[in-house]
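Undergrad: In the numbering used here, each number is its position in the sequence shown, counted from 1, plus 229.
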Amino acid sequence: MATFPLSRRGPQSRILITGASSGIGEALALHYARAGTHLVLWGRNQERLDKVAAQAQRHGATTETLALDLCDTDAALVALREADDVSPIDILVLGAGLGDIRPENELTELPEQVKTISLVNFTTPVTLATEMARRMAPRGGGNIALIGSVAAFHDLPVATAYSGSKAGLARFSTALHAAMTPHNVHVTLVSPGYVDTPMSQRLEGARPLLVSSTKAARLIARAIGQGRAHLLFPWPFALARLLEMLVPRPIVHRLLRSAEVRQRAAN
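#1: Do Leu270 and Thr291 come within 7 Å of each other at the CB atom, strictly closer than that value?
#2: Taking three-plus beta-carbon pairs below 8 Å as touching, is the stretch 266–282 in contact with the stretch 340–353?
#3: Exposed or buried, what is Thr353 when buried is set at 16 or more other beta-carbons lying within 10 Å of its beta-carbon?
#4: Under three-state DSSP, which class holds Leu299?
#5: Quick test of your reading: Gly454 and Asn413, contact by CB under 8 Å. State the CB separation rounded to the nearest angstrom.
#6: Looking at Ala404 and His260, is the spacing between their C-beta atoms short of 7 Å?
#7: Across the stretch 392–406 and the stretch 362–382, are there enough close Cβ pairs to call them in contact, namely three or more that are closer than 8 Å?
#8: Return no unless some Cβ of chain B is closer than 7 Å to the Cβ of Asp425.
#9: Among Gly254, Ala304, Arg457 and Val416, which one has its Cα closest to the Cα of Ala285?
#10: Under three-state DSSP, which class holds Gly326?
#11: What's the call for Val307, buried or exposed, on a 16-neighbour Cβ count within 10 Å?
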């Protein structure tokens with residue numbers, strides 16, 4: 230399998246990361262930051278993006294930033310095309326995502342909440358990945374990574390939009406991987422468990438098998454470099470996925486409904 234380590238990408242590697250202002254996206258930006266790398270950093274908060282860019286520059290990378298809301302799929306698509314027209318993108322990391330759960334005393338998530346999560350977690354990333362694949366294939370290769378979640382493999386009653394959007398993203402990613410492999414475009418689905426990010430820090434209660442964002446970035450970057458189709462970590466979540474598949478669905482749903490999940494309001 231052909232891979233695209235940074236050392237072979239020519240005089241300057243160009244990497245675009247969405248969700249780069251915090252969490253896994255920020256950690257990946259700093260992991261990739263080095264001389265000979267140009268980072269295109271997208272996020273919702275310009276002030277935080279500027280701080281990440283400044284850190285990356287201290288490691289030798291060149292940077293550019295763009296603050297945008299991925300609820301606006303059309304604007305994101307225009308921005309991606311403009312960025313790739315300036316100079317071809319070698320690695321696209323679609324790391325932006327929203328996590329939310331059903332409000333207390335509600336039977337479901339709010340419809341507006343579901344729409345926002347669906348746009349950010351599914352509609353916009355699959356649109357951008359499709360455009361990037363169409364551009365990379367004629368160039369002879371590239372890497373696209375989509376940051377999903379182990380939640381994609383579980384029916385979460387308090388987070389139907391989150392688990393549903395991540396499930397859609399997972400199937401899209403593996404299907405695009407199948408389509409693009411003959412063109413040397415490697416599509417990597419990343420399915421992390423609990424990672425120590427602002428999103429997971431909002432959850433109240435235990436976060437089993439918690440992984441630091443730095444370690445997560447290292448694992449993800451290695452999987453991208455290897456052109457892997459799927460990275461799921463930490464490994465016990467793969468076992469949990471298998472066990473759930475063996476247990477009758479009504480029993481699984483009863484157990485999931487009994488779990489108490491709460492989260493603090495976003496800052």
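Glycine included, every Cβ here is placed at the ideal spot set by N, Cα and C.
Since the structure is predicted, the reported quantities are computational estimates derived from the model, not experimental observations.
TA: So, from the data block:
#1: By one-based count along the sequence shown, residue 291 stands at place 62. By one-based count along the sequence shown, residue 270 stands at place 41. No, the pair does not count as a contact, with Cβ atoms beyond the cut-off.
#2: They do not touch, by the three-pair rule.
#3: For the purposes of this step, residue 353 is taken as the residue at position 124 of the sequence shown. Around the beta carbon of Thr353, a 10 Å sphere encloses 16 or more other beta carbons of the protein chains shown; the residue is thus reported as buried.
#4: Position 70 of the sequence shown, counting from 1, holds the residue named residue 299. Reduced to three states, the DSSP call for Leu299 is coil.
#5: Against the sequence shown, residue 454 aligns to sequence position 225. Against the sequence shown, residue 413 aligns to sequence position 184. 14 Å between Cβ atoms; not a contact.
#6: One-based indexing of the sequence shown puts residue 260 at position 31. One-based indexing of the sequence shown puts residue 404 at position 175. No, the pair does not count as a contact, with Cβ atoms beyond the cut-off.
#7: Because the criterion of three Cβ pairs below 8 Å is met, the stretch 392–406 and the stretch 362–382 touch.
#8: Absence of chain B from the displayed structure is noted, only one protein chain being present.
#9: Residue 285 sits at position 56 when you count from the first residue of the sequence shown. Ranking Gly254, Ala304, Arg457 and Val416 by Cα distance to Ala285 puts Gly254 first.
#10: Translated into the one-based positions of the sequence shown, residue 326 becomes position 97. Under the three-state reduction of DSSP, Gly326 is assigned to coil, being neither helix nor strand.
#11: Locating residue 307 in the sequence shown gives position 78, counting from the first residue. Exposed: under 16 other Cβ atoms inside 10 Å.
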